[in-house]
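Protein chains in written order, with the working numbering: chain C, 4 to 302; chain G, 3 to 275.
Glycine included, each C-beta is placed from N, C-alpha and C at the ideal position.
From a predicted model like this one, the values you see are computed outputs, not experimental measurements.
Everything below concerns the one structure shown next.
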Amino acid sequence: MSQQPYPGARAREERGWLLANRWLLARRFSQLGILILFLLGPLGGIWLVTGNLNSSLTLGVLPLSDPYVLLQSFFAGHQLVSTALVGAVIVVGFYLLVGGRAYCSWVCPVNMVTDAAAMLRQRLGIKGGGTRLRRVTRYWILAMTLLVSLASGTIAWEFVNPVSMFHRGLIFGIGLAWTIIAAVFLLDLFVSRYAWCGHLCPVGAFYSLLGKYSLVRVSAAARDRCDDCMDCFQICPEPQVIPPALRGAEKGVGPVILSPNCTNCGRCIDVCSKNVFGFSTRFNNSTPGGVMSRTEVAS
Amino acid sequence: MGSVGEKLKSPVSRRQFLIDTTQTVGGVALLGLGLFHYAGSQASLPADAIRPPGALAEKEFLGACVRCGLCVRDCPYDTLSLAKLGRNVATGSPYFTARKVPCEMCDDIPCVKACPTGALDPGLTKIDDARMGLAVLIDQETCLNYLGLRCDVCYRVCPVIDKAISLEPRHNPRTGKHTMFIPVVHSDHCTGCGKCERSCVLEQAAIKVFPYHLAKGELGHHYRLGWEEKQKAGDSLVSPDTEHKYNLPEGFEYEHGGRGLIRDGAMQPEKQK
Chain C
4 MSQQPYPGAR AREERGWLLA NRWLLARRFS QLGILILFLL GPLGGIWLVT
54 GNLNSSLTLG VLPLSDPYVL LQSFFAGHQL VSTALVGAVI VVGFYLLVGG
104 RAYCSWVCPV NMVTDAAAML RQRLGIKGGG TRLRRVTRYW ILAMTLLVSL
154 ASGTIAWEFV NPVSMFHRGL IFGIGLAWTI IAAVFLLDLF VSRYAWCGHL
204 CPVGAFYSLL GKYSLVRVSA AARDRCDDCM DCFQICPEPQ VIPPALRGAE
254 KGVGPVILSP NCTNCGRCID VCSKNVFGFS TRFNNSTPGG VMSRTEVAS
Chain G
3 MGSVGEKLKS PVSRRQFLID TTQTVGGVAL LGLGLFHYAG SQASLPADAI
53 RPPGALAEKE FLGACVRCGL CVRDCPYDTL SLAKLGRNVA TGSPYFTARK
103 VPCEMCDDIP CVKACPTGAL DPGLTKIDDA RMGLAVLIDQ ETCLNYLGLR
153 CDVCYRVCPV IDKAISLEPR HNPRTGKHTM FIPVVHSDHC TGCGKCERSC
203 VLEQAAIKVF PYHLAKGELG HHYRLGWEEK QKAGDSLVSP DTEHKYNLPE
253 GFEYEHGGRG LIRDGAMQPE KQK
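Quick look at the structure:
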């Protein structure tokens, strides 16, 4: 395998810069677009969307609320009110459709910070870290935030949540919250690759639980074309989700990445010069040539 | 996570799994303890930060408010802002500083209507019923009215004039011949809008709005006010109620519980006890 300067270099050579970055560009368009919709009001006086990611009102009629924040509020002992509940139900429904952690890669503003840190880390060749930090930590933190909400009677994670602090800060004024964002950046750059999004963030953990049943998934449909260049593993923020789908053909595992921690970011689709990956649905998961049962796979 | 089952097959990796899990849980528990204490410290609202109308009591408010800023956006006077990190108010929660921009007490209370969670109680429909805080004339040494002047500004700007703030005449012992008009706040009607604090002409306001729990005293629950009990009972509760005899110079009479000291039928101001 020829050494590449960066993951996706070959795809870029073959398909050109634009096509080798199309999902990345689409995501940035989505992330920035959402941010701009929120900023049009305070900066331009055009109030299409008011509020922030925790709860917002679009065109004066469509309420959207973060279900994780409301869950904490519920644990804090607050009687939930209809507007916020309706907003949360809409959001849950949406992410059940497009993939739970699509929130992380298509909406969350912190993603741009951590993606930048990961890219810089890769370019600077910073290695190591991450052995102590386990990916399940985020689920423990998620449980902890609900427990602390229960014990303190407050929406506990909102006191420190970098995601809402950053988004709110950009729209309402950032104060000292930039230090928290800088901390996340430095953590991801020096301590461990995607330390925040991939290991610690309980918001992502919450949305990944939603994603357990979500419809839209990335599929390694053309996995027989894979030439083991490892680009997808290098670019993926959650590389542990790839092998079952990409290399499961012999074990009879379907090509769809079903792990709820896949963020549907589509970077693997971008960087693969063999066009192995593509967006699909969770039901498009049949294995050609003899389907083994689950028990056979496990044994 | 699917590999956990395979790991458990060997006793060494089972031990490793337990060690890893214990480490993770321990670390997260430590984080949780920190978060718990931080949440507790954030529940103490500084005295100059006033919550919007209809805000639940601070403790409940922090369990209900999602820090979305919809109330801030719907405030037509830009009174409200979301607390920034660094300000000693729970990050992202709405508040206002009376001395800077007070609440204009809109009749339709748009901030309450905008709140999606009920952190601002939708049961508040009349702004006069709002209790954002309570005004306190905290410095009697610099208040111009206490100095015997007729400033009256806090009284004049009060949206609930004569009910929330009244001017009570008092004898001016310094001059010996003038009346002082003392601004007195009545908690029955004060909404805590902060207009009095905003407009106080001093360098530092002598009248300030404080969160209710700081400003308001509370009688012992076993206290009974004798005069009220007497009225309720229709008669004295200690028997018998002897009628007080006044030894007054000629031409004076005293009407108890009414006009007070009366000279030649003309009303005279008299200090109330």
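Can you tell me whether residue i is helix, strand or coil according to DSSP?
| i | result |
| --- | --- |
| residue 13 of chain C | helix |
| residue 212 of chain C | helix |
| residue 280 of chain C | coil |
| residue 297 of chain C | Residue confidence for residue 297 of chain C is low, a pLDDT of 42 falling below 50, so the modelled location carries little weight; the figure read from the coordinates is stated next. In this structure, residue 297 of chain C counts as helix in the three-state DSSP scheme. |
| residue 253 of chain C | coil |
| residue 203 of chain G | coil |
| residue 286 of chain C | coil |
| residue 136 of chain C | coil |
| residue 4 of chain G | A caution first: residue 4 of chain G carries a pLDDT of 44, below 50, which makes its placement in the model unreliable, though a value can still be read off. Three-state DSSP puts residue 4 of chain G in coil, outside helix and strand. |
| residue 157 of chain G | helix |
| residue 34 of chain G | helix |
| residue 4 of chain C | Confidence at residue 4 of chain C is low in this model, with a pLDDT of 45, below 50, so its placement is unreliable and no value can be given for it. |
| residue 19 of chain C | coil |
| residue 235 of chain G | helix |
| residue 302 of chain C | Residue placement at residue 302 of chain C is poorly supported in this model, since its pLDDT is 34, which falls under 50; the coordinates still yield a value, given next. Three-state result, residue 302 of chain C: coil. |
| residue 97 of chain G | strand |
| residue 262 of chain G | strand |
| residue 9 of chain G | The predicted position of residue 9 of chain G is uncertain, since its pLDDT is 46 and thus under 50; no value can be drawn from it. |
| residue 23 of chain G | helix |
| residue 14 of chain G | helix |
| residue 83 of chain G | strand |
| residue 52 of chain G | strand |
Looking at the unbroken alpha helix (DSSP H) that takes in residue i, where does it start and where does it end?
| i | result |
| --- | --- |
| residue 182 of chain C | 180-189 |
| residue 112 of chain G | 112-116 |
| residue 27 of chain C | 25-42 |
| residue 121 of chain G | It is not in any alpha helix (DSSP H) - residue 121 of chain G carries neither H nor E in the DSSP assignment. |
| residue 90 of chain C | 85-101 |
| residue 72 of chain G | 72-76 |
Tell me whether the beta-carbon of residue i lies closer than 9 Å to the beta-carbon of residue j.
| i | j | result |
| --- | --- | --- |
| residue 104 of chain G | residue 81 of chain G | yes |
| residue 276 of chain C | residue 16 of chain C | yes |
| residue 201 of chain G | residue 186 of chain G | no |
| residue 52 of chain G | residue 135 of chain G | yes |
| residue 183 of chain C | residue 169 of chain C | yes |
| residue 93 of chain G | residue 50 of chain G | no |
| residue 211 of chain C | residue 72 of chain C | no |
| residue 161 of chain C | residue 57 of chain C | yes |
| residue 244 of chain C | residue 101 of chain C | no |
| residue 117 of chain G | residue 77 of chain G | no |
| residue 85 of chain G | residue 64 of chain G | no |
Where does the unbroken beta strand (DSSP E) through residue i begin, and where does it stop?
| i | result |
| --- | --- |
| residue 305 of chain C | Only positions 4 to 302 of chain C appear in this structure, which leaves residue 305 of chain C out of reach. |
| residue 256 of chain G | 254-257 |
| residue 180 of chain G | 180-187 |
| residue 59 of chain C | 58-61 |
| residue 212 of chain G | 209-212 |
| residue 161 of chain C | That residue, residue 161 of chain C, is in no beta strand (DSSP E); it is neither H nor E in DSSP. |
| residue 167 of chain G | 167-174 |
| residue 126 of chain C | Here residue 126 of chain C belongs to no beta strand (DSSP E); instead the alpha helix (DSSP H) covers 113-127. |
| residue 226 of chain C | That residue, residue 226 of chain C, is in no beta strand (DSSP E); it is neither H nor E in DSSP. |
| residue 139 of chain G | 136-139 |
| residue 54 of chain C | 52-55 |
What does residue i touch in chain C if you count any residue whose Cβ is under 7 Å from its own?
| i | result |
| --- | --- |
| residue 17 of chain G | Under the 7 Å cutoff, chain C gives no residues; its nearest Cβ is about 16 Å from residue 17 of chain G. |
| residue 44 of chain G | 162 |
| residue 30 of chain G | 140, 143, 144 and 147 |
| residue 41 of chain G | 151, 155, 157, 159 and 162 |
Starting from the beta carbon of residue i, find every residue of chain C whose beta carbon is closer than 8 Å, and list them in chain order.
| i | result |
| --- | --- |
| residue 27 of chain G | 143 |
| residue 38 of chain G | 151, 154, 155 and 159 |
| residue 56 of chain G | Residues of chain C passing the Cβ test: none, with the nearest at roughly 13 Å. |
| residue 75 of chain G | 44, 50, 53 and 54 |
Could you list which residues in chain C have their beta carbon closer than 9 Å to that of residue i, in chain order?
| i | result |
| --- | --- |
| residue 62 of chain G | 79, 80, 81 and 156 |
| residue 127 of chain G | Going along chain C, no residue has its Cβ under 9 Å from residue 127 of chain G, so there is no contact; the nearest lies around 15 Å. |
Quick one: list the residues of chain G neighbouring residue i, beta-carbon separation under 9 Å, in chain order.
| i | result |
| --- | --- |
| residue 177 of chain C | 86 and 87 |
| residue 57 of chain C | 68, 69, 70, 71 and 94 |
| residue 206 of chain C | Chain G residues near residue 206 of chain C: none, gap ~13 Å exceeds 9 Å. |
Would you mind telling me which residues of chain G sit closer than 8 Å to residue i, beta carbon to beta carbon, in chain order?
| i | result |
| --- | --- |
| residue 137 of chain C | 22 and 26 |
| residue 168 of chain C | 87, 93 and 94 |
Nearer than 8 Å: is that true of the beta carbon of residue i relative to any heavy atom of the ligand ADP?
| i | result |
| --- | --- |
| residue 189 of chain C | The ligand ADP is absent from the structure shown, which contains no ligand whatsoever. |
Cβ closer than 7 Å: which chain G residues qualify as neighbours of residue i?
| i | result |
| --- | --- |
| residue 256 of chain C | Neighbours of residue 256 of chain C on chain G: none; closest Cβ ~10 Å, over 7 Å. |
**OP:** Name, going along the chain, the residues of the segment 83-110 of chain G whose beta-carbon falls closer than 9 Å to a beta-carbon of chain C.
**Re:** Cβ contacts with chain C: 83, 84, 85, 86, 87, 88, 89, 92, 93, 94 and 95.
Subject >> Residues within the segment 188-200 of chain C neighbouring chain G, beta-carbon criterion of under 9 Å >> reply: Contact annotation: in the segment 188-200 of chain C, no residue has its CB less than 9 Å from a CB in chain G.
Subject >> Residues in the segment 148-163 of chain C having any Cβ partner in chain G nearer than 7 Å >> reply: Near chain G, meaning a CB-to-CB distance below 7 Å, the residues of the segment 148-163 of chain C are 150, 151, 154, 155, 156, 157, 158, 159, 161, 162 and 163.
Original post:
In the segment 84-100 of chain C, which residues sit with their C-beta less than 7 Å from some C-beta in chain G, listed in chain order?
Top reply: From the segment 84-100 of chain C, only 84, 86, 87 and 90 have a Cβ closer than 7 Å to chain G.
Original post:
In the segment 111-123 of chain G, which residues sit with their C-beta less than 9 Å from some C-beta in chain C, listed in chain order?
Top reply: Cβ contacts with chain C: 116, 117, 118, 119, 120 and 121.
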